[in-house]
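Colleague: Numbers in the numbering used here are just positions in the sequence shown, counted from 1, shifted up by 8. Even glycine gets a Cβ: it sits at the ideal position worked out from N, Cα and C. Predicted model, so just to flag it, every value in this text is computed and none were measured.
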Amino acid sequence: MKILPIILGSLFFSNVFAQGNSPEKANQAKRVINIDFKKEKGRFNTSFNLCVGAGRANEGLRADWQQQLATVQKECGFKYIRMHGLLTDDMAVYREDRNGKPEYNYQYVDALYDYILSIGMKPFVELGFMPGALASGNKTIFWWRGNVTPPKDYSKWEGLIRNLTQHFTERYGIDEVKKWYFEVWNEPNLKDGFWTGSQDDYFKLYQYSAKAIKSVNPAYKVGGPATAGAAWVPDMIDFCSKNSVPIDFISTHAYGVKQGFLDEYGSTGTVLDKNKGSVSSDVRNSRKQIENSTIPGLELHYTEWSSSYTPSDPIHDSYHEAAYILEKLKQTGSAANSMSYWTFTDIFEEAGPRFTPFHGGFGLLNTQGIKKPAFFAYSFLNKLGETEITDQDSSSWACKNKKGDVQVLLWDYTYTLPDSVNNQAYYVRDLPAKSKGEIELVISGMPSGKYRMEIYKTGYKVNDPYTTYLSFNKPDQLTKAQVDKLKKENSGAVIWHEDISVNASGKVLKHLPVRENDVAFINIVKL
């Protein structure tokens, strides 16, 4: 009587994985993943979820933004959050009286940071952009007009940063603020984009900022240069070293597209880079630059990264994004102390409020809180146990926890973008995934006993709301019923399970059909 459910479950599992294609398996290579329960690599590196990005601080005062952040914190385990616009005028932080005397106000900042801390996260404080009353010019960026000019008075900027840091200390305590990171500005190397000044002007801004923060407490962590394209790392270290300016970490950014670094409105036609080392080679090179510098012990934080730098790139919504994320994080290894995915939500208004529910936004969740495949890449990563098991396969991780449960996260990453086609023309249609044959998962050395094997997945038409949205003919607005349907069908729930017995041989064997850009999470729970 127990055999029938197992057979039916296996058939269902195979159908879910094989959906949308029917090539001959005989022509497909078998990929074998061999792991030994007893061979531990060490503590699993979780730099992938140390930090996550968000658009701007004022958006964090919205109820739906806060609800979504609580979801990703709970299910993906993010510990810090970084965002633009903490000092922008819509946060009402700074003004001057008629005599030019600075006045400070942190009511909006307090409301935001109180909430972040209440759900167990911490701020990765980005100091920017320039308050209008302190700005030397009127150049702004984005729909919400972040001022990107240097301060008219660097001493007043220093006073603002010192007062803000002191306020954080009084409100949250030294022990708490010691755990935070203070990053000075955002992408100052993008001339007339995020910074109208020169590199020297940025270094001056950094010097005044670091002095202000350290004057409150020398143990507080400050860093930069928060550049686009992994730029200025040796220059930053050289400046700080020669001028005895404190620096605790290097921060910079990388995206996996071929051209440019700033595309506010998504109008350039981005192209996913087929170079295997995209993103990861930047991270590894930054680490080498630090190691070869006069301050080799600095932490390295990639405070923005993703497949594409524009908030209008449909790859962000596509099932391809999940495998891409995992492939790049695996390649990066432990080179960075954090890899902060940009961003956790499509509640993101650099180009203004968006008019469609799926528009290529950066988020792990869309505006209505529907979980994209990218979300599941991170939620599956968060389910991996604390001890990594040695695994020679380049597109998988194996871990175990203290209870003796085993987890395997595996994926196929296949670059499918045709030559001479950009992301905006390719990822906006239904894209069935071709079969990649079969994966044979072999686990040896398992303690004998009874276990439950659970399978979770994201891929084409499985936890893939964008493809379903396309089948709705891409409506500009979703009805409540459509939102409910998309959330229910893309919840990330287990798609297959069975109870198994491991005998004295200690061997577990599982065959899994796999398609292009499939992601599977196998959880083997000790009963």
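Considering His367, what are the terminal residues of the beta strand (DSSP E) in which it resides?
Modeller: The sequence position of residue 367 within the sequence shown is 359, counting from 1. First-last for His367: undefined, no H or E at that position.
Colleague: Where does Leu69 fall in DSSP's three states?
Modeller: For the purposes of this step, residue 69 is taken as the residue at position 61 of the sequence shown. Reduced to three states, the DSSP call for Leu69 is helix.
Colleague: Under a three-way DSSP split, which group does Trp188 fall into?
Modeller: For this step, residue 188 is matched to residue 180 along the sequence shown. Of the three classes helix, strand and coil, the one that applies to Trp188 here is coil, per DSSP.
Colleague: First and last residue of the beta strand (DSSP E) that includes Ala62?
Modeller: Here the question's residue 62 lines up with position 54 in the sequence shown. Cys59 to Arg64 is the extent of the beta strand (DSSP E) around Ala62.
Colleague: Exposed or buried, what is Thr260 when buried is set at 16 or more other beta-carbons lying within 10 Å of its beta-carbon?
Modeller: In the sequence shown, counting from the first residue as 1, residue 260 sits at position 252. The residue is buried, with at least 16 neighbouring Cβ atoms inside 10 Å.
Colleague: Would the stretch 395-410 count as touching the stretch 312-319 if we require 3 or more Cβ pairs under 8 Å?
Modeller: Verdict: no, contact absent.
Colleague: Does the stretch 145-156 touch the stretch 85-104, meaning 3 or more C-beta pairs lie closer than 8 Å?
Modeller: Touching, yes.
Colleague: Quick check on DSSP: helix, strand or coil for Ala512?
Modeller: On the sequence shown, position 504 is the one that residue 512 refers to. DSSP places Ala512 in coil when its eight states are reduced to three.
Colleague: Would you decide whether Asp122 is buried or exposed? Buried here means 16 or more other CB atoms lie within 10 Å of its CB.
Modeller: Within the sequence shown, residue 122 is the residue found at index 114, counting from 1. Exposed.
Colleague: Closest by CA to Met129, which one among Ile89, Phe137, Pro521 and Pro158?
Modeller: As a first step, residue 129 is located in the sequence shown; it is residue number 121 there, counting from the start. The residue with the shortest Cα to Cα distance from Met129 is Ile89.
Colleague: Does the pairing of the stretch 522-533 with the stretch 463-471 give three or more beta-carbon distances under 8 Å?
Modeller: Enough Cβ pairs lie closer than 8 Å, so yes.
Colleague: Expressed to the nearest angstrom, what Euclidean distance is found between the alpha-carbon atoms of Gln490 and Ala78?
Modeller: Sequence index remark: in the sequence shown, residue 490 carries index 482 (1-based). Sequence index remark: in the sequence shown, residue 78 carries index 70 (1-based). Computed Cα separation, rounded: 23 Å.
Colleague: Here's the rule I'm using: 16 or more other beta-carbon atoms within 10 Å means buried, otherwise exposed. How should Gln432 be labelled?
Modeller: Your numbering for residue 432 matches position 424 in the sequence shown. So Gln432 counts as buried.
Colleague: CB-CB under 6 Å to Lys488, same chain, minus the five flanking residues each way: which ones, in chain order?
Modeller: Within the sequence shown, the letter at position 480 stands for residue 488. Taken in chain order, the list of residues that qualify is empty.
Colleague: Which residues in the same chain have their Cβ closer than 8 Å to the Cβ of Pro304, if we skip the five residues on either side of it in sequence?
Modeller: Locating residue 304 in the sequence shown gives position 296, counting from the first residue. Counting only Cβ-Cβ distances below 8 Å, and skipping sequence neighbours, we find Ile298.
Colleague: Could you tell me whether the stretch 94-109 touches the stretch 130-144, using the rule of 3 or more Cβ pairs below 8 Å?
Modeller: Touching, per the Cβ criterion.
Colleague: Can you give me the Cβ contacts of Val436 inside the same chain, cut-off strictly under 6 Å, excluding the 5 residues immediately before and after it?
Modeller: The sequence position of residue 436 within the sequence shown is 428, counting from 1. If we look at Val436 and ignore the five residues flanking it on each side, its Cβ neighbours are Pro322.
Colleague: Report, in whole angstroms, the separation of the C-beta atoms of Ser55 and Ser286, which I expect to be a contact under 8 Å.
Modeller: Counting from one through the sequence shown, the residue named residue 55 turns up at place 47. Counting from one through the sequence shown, the residue named residue 286 turns up at place 278. Not really, about 18 Å apart at Cβ, beyond 8 Å.
Colleague: Am I right that Glu184 and Thr395 are in contact with their C-beta atoms under 8 Å? What's the rounded C-beta distance?
Modeller: As a first step, residue 184 is located in the sequence shown; it is residue number 176 there, counting from the start. As a first step, residue 395 is located in the sequence shown; it is residue number 387 there, counting from the start. Contact doesn't hold; Cβ gap of about 29 Å is too wide.
Colleague: Measuring CA to CA, which of Ala406, Ser249, Lys266 and Leu417 is closest to Ala331?
Modeller: If you number the sequence shown from 1, residue 331 lands on position 323. Ala331 has its Cα closest to that of Leu417, out of Ala406, Ser249, Lys266 and Leu417.
Colleague: Is the distance from the Cβ of Glu307 to the Cβ of Asp243 below 9 Å?
Modeller: Here the question's residue 307 lines up with position 299 in the sequence shown. Here the question's residue 243 lines up with position 235 in the sequence shown. No.
Colleague: Per DSSP, what are the beta-bridge partners of Gln215 in this structure?
Modeller: Reading the sequence shown from its first residue, position 207 is the one you call residue 215. BP columns for Gln215 are empty, so no partner.
Colleague: I'd like the list of long-range same chain contacts for Asp354, defined as Cβ closer than 6 Å, with 5 residues on each side in sequence excluded.
Modeller: Here residue 354 refers to the residue found at position 346 of the sequence shown. Gly369, Gly371, Asn374 and Thr375, listed in sequence order.
Colleague: Looking only at C-alpha atoms, which of Val80, Val414, Lys282 and Glu195 sits nearest to Tyr536?
Modeller: Coverage of the chain is limited to positions 9 through 535, which leaves residue 536 absent and any answer about it impossible.
Colleague: Taking buried to mean at least 16 other C-beta atoms within 10 Å of its own C-beta, is Phe384 buried or exposed?
Modeller: Within the sequence shown, residue 384 is the residue found at index 376, counting from 1. It is buried - the Cβ of Phe384 has at least 16 other Cβ atoms within 10 Å.
Colleague: What are the boundary residues of the alpha helix (DSSP H) that includes Arg362?
Modeller: Position 354 of the sequence shown, counting from 1, holds the residue named residue 362. That residue, Arg362, is in no alpha helix (DSSP H); it is neither H nor E in DSSP.
Colleague: Measure the CB-CB distance between Pro381 and Tyr434 and report whether it falls below 9 Å.
Modeller: Here residue 381 corresponds to residue number 373 of the sequence shown, with the count starting at 1. Here residue 434 corresponds to residue number 426 of the sequence shown, with the count starting at 1. No, Cβ-Cβ distance for Pro381 and Tyr434 is not below 9 Å.
Colleague: Leu135: buried (16+ other C-beta within 10 angstroms of its C-beta) or exposed?
Modeller: As a working mapping, residue 135 is identified with position 127 in the sequence shown. Buried: at least 16 other Cβ atoms inside 10 Å.
Colleague: Would the stretch 474-482 and the stretch 501-508 be scored as touching if the rule is three or more Cβ pairs under 8 Å?
Modeller: No contact exists between the stretch 474-482 and the stretch 501-508.
Colleague: Could you check whether the Cβ of Tyr162 sits closer than 9 Å to any Cβ belonging to chain D?
Modeller: The structure shown has no chain D; it contains just one protein chain.
Colleague: If you pair each beta-carbon of the stretch 153-160 with each one of the stretch 193-206, do three or more pairs fall below 8 Å?
Modeller: A contact exists between the stretch 153-160 and the stretch 193-206.
Colleague: In angstroms with no decimal places, state the Cα-to-Cα distance between Ala100 and Val230.
Modeller: To locate residue 100, count along the sequence shown from 1; it is residue 92. To locate residue 230, count along the sequence shown from 1; it is residue 222. About 23 Å.
Colleague: Quick one: measure Cβ to Cβ for Glu357 and Gly63, integer angstroms, because I've assumed they're closer than 8 Å.
Modeller: The count along the sequence shown starts at 1 and reaches residue 357 at position 349. The count along the sequence shown starts at 1 and reaches residue 63 at position 55. Between Gly63 and Glu357 the Cβ distance is about 6 Å, and since that is below 8 Å, they are a contact.
Colleague: Report the three-state DSSP secondary structure of Ala236 (helix, strand or coil).
Modeller: The count along the sequence shown starts at 1 and reaches residue 236 at position 228. In the structure shown, Ala236 sits in a helix (DSSP, three-state: H, G or I).
Colleague: Would you grab the beta carbon distance between Leu517 and Val450 for me? Rounded to a whole angstrom, and I think it's under 8 Å.
Modeller: Residue mapping note: residue 517 aligns to position 509 of the sequence shown, counting from 1. Residue mapping note: residue 450 aligns to position 442 of the sequence shown, counting from 1. About 6 Å; that satisfies the 8 Å criterion.
Colleague: Flag this pair as yes or no: are the beta carbons of Leu125 and Tyr180 separated by less than 9 Å?
Modeller: Along the sequence shown, read from residue 1 onward, the residue named residue 125 stands at position 117. Along the sequence shown, read from residue 1 onward, the residue named residue 180 stands at position 172. In this structure, Tyr180 lies closer than 9 Å to Leu125 by Cβ.
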